[in-house]
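In our numbering, the protein residues as written are 7 to 381.
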């Protein structure tokens, strides 16, 4: 492991002190706690882009999370940083997503805008520090501060003034004004690479765009030509897989080369010195960054804003809004534990309880609840 990797022996610990495990490192325990949590299991029935019931072969939050973890672990292993910590951050990165993907998040944020808004990164922190209630000795999963830091800053330095979790931030506040750790940066860019590559595959299989459409993007045009030259006459489904596979390998190889170049001046640095380096250390080359941006723009226009997806979005927006208003005005309809909390809450606390409850729903449960109450 490189000198600038975060070592288990350097961990700042947990908010609720625990005995050290003889069999697992602190970050391995974090990973396992996330894997065994109810919120992680629910990811199986939460959407990436398509509604969960639209097709068994489309990606869910769970399959996406596992793909991100695999990409991130490979990168961390090659670069010589803490793979256990990277795994934990990658597995936790989507825990805060509500049903219906980013559509659900945008609508919950709109409904909660006067009460602090809704952000899936902050919600993930709420889940692992408060909402998961499976341990007798503490609320949440009691993860290490390094994993919490990685979760909340994996998309960049945290904006100041975040209200929730201030007691956690205060304990490790010096980190939140700096760039994320190397391990956190790896989890973040693995997320970007994984969903961009696999959304190309899902979009092709769903018929939202064609091979001719993606051939207008230079990097994909080159990959398509190579695949067709190498595997003449293969089936369409196999061709789509080979395109995604080639794109994934190309981006990861580029990332490893560019990141290694950026990390070389840090040889001999401690993890703390690397954290305060205040520079992005894990990145694609400028050429591949531009290529990834072009693919993202293509997906936004041809997939995320496709008429078929837009129709789904309208339905999802209605479900979230209707349930939010229903429970806010009739908290007695909430299940026992949630209803008990709501009965003692002021209005601001009540709507946060409703938001927490709805965000924890799977796609199917939200649709069933909506059908039950609204027909």
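By construction, the Cβ of each residue, glycine as well, lies at the ideal position given by its N, Cα and C atoms. Predicted model only: the values in this text are computed from it and were never measured.
My output table needs one value for residue i: the three-state DSSP class, helix, strand or coil.
i, result
"residue 244", "helix"
"residue 48", "helix"
"residue 372", "helix"
"residue 287", "coil"
"residue 383", "The requested residue 383 is not part of the displayed model; the chain covers only 7 to 381."
"residue 337", "helix"
"residue 58", "In this predicted model, residue 58 has a pLDDT of only 47, less than 50, meaning its place in the structure is not dependable; the value taken from the coordinates is given anyway. Looking at residue 58 - three-state DSSP - the assignment turns out to be coil, as it is neither helix nor strand."
"residue 387", "Nothing can be reported for residue 387, as the shown portion of the chain is limited to 7 through 381."
"residue 42", "coil"
"residue 203", "helix"
"residue 378", "helix"
"residue 273", "coil"
"residue 180", "Bear in mind that the predicted position of residue 180 carries a pLDDT of just 42, short of 50, making it unreliable; the figure below should be weighed with that in mind. In this structure, residue 180 counts as helix in the three-state DSSP scheme."
"residue 138", "coil"
"residue 73", "helix"
"residue 167", "Annotation note: pLDDT 45 at residue 167 (below 50); position unreliable, no value reported."
"residue 318", "helix"
"residue 106", "coil"
"residue 293", "helix"
"residue 237", "coil"
"residue 278", "helix"
"residue 127", "helix"
"residue 100", "coil"
"residue 350", "coil"
"residue 8", "coil"
Residue i and residue j: beta carbons closer than 8 Å?
i, j, result
"residue 39", "residue 154", "no"
"residue 192", "residue 92", "yes"
"residue 368", "residue 105", "yes"
"residue 108", "residue 67", "no"
"residue 364", "residue 340", "no"
"residue 357", "residue 121", "yes"
"residue 301", "residue 223", "yes"
"residue 384", "residue 32", "Here the chain covers residues 7 to 381 and nothing more, so residue 384 does not appear."
"residue 407", "residue 215", "A question about residue 407 goes unanswered here, because the residues of the chain that appear run from 7 up to 381."
"residue 233", "residue 249", "yes"
"residue 77", "residue 196", "yes"
"residue 297", "residue 225", "yes"
"residue 65", "residue 219", "no"
"residue 124", "residue 114", "yes"
"residue 152", "residue 12", "yes"
"residue 379", "residue 323", "no"
In the DSSP output, what is residue i paired with across the bridge?
i, result
"residue 53", "66"
"residue 20", "150"
With distances taken Cα to Cα, identify the nearest neighbour of residue i among the options.
i, options, result
"residue 90", "271, 123, 79 and 327", "79"
"residue 132", "294, 186, 45 and 250", "45"
"residue 327", "111, 85 and 95", "111"
"residue 158", "228, 98 and 143", "98"
"residue 253", "230, 23 and 212", "230"
"residue 282", "272, 305 and 308", "272"
"residue 306", "371, 201 and 234", "201"
"residue 53", "101, 85 and 211", "101"
"residue 95", "118, 23, 186 and 140", "186"
"residue 82", "348, 374, 323 and 10", "10"
"residue 22", "144, 189 and 323", "144"
"residue 354", "75, 142, 366 and 337", "337"
"residue 84", "113, 189 and 24", "189"
"residue 242", "211, 263, 255 and 320", "211"
So, under 8 Å CB-CB, residue i and residue j are touching, yes? Tell me the CB distance rounded to an integer number of Å.
i, j, result
"residue 41", "residue 71", "Rounded, the Cβ-Cβ distance is 10 Å, inconsistent with contact."
"residue 260", "residue 286", "Going by Cβ atoms, the distance from residue 260 to residue 286 rounds to 15 Å, so no, they are not a contact pair."
"residue 88", "residue 7", "7 Å"
"residue 278", "residue 325", "Between residue 325 and residue 278 the Cβ distance is about 46 Å, and since that is not below 8 Å, they are no contact."
Step through the CB atoms of chain B and report whether any lies within less than 8 Å of the CB of residue i.
i, result
"residue 278", "The displayed structure is made up of one protein chain only, and chain B is not part of it."
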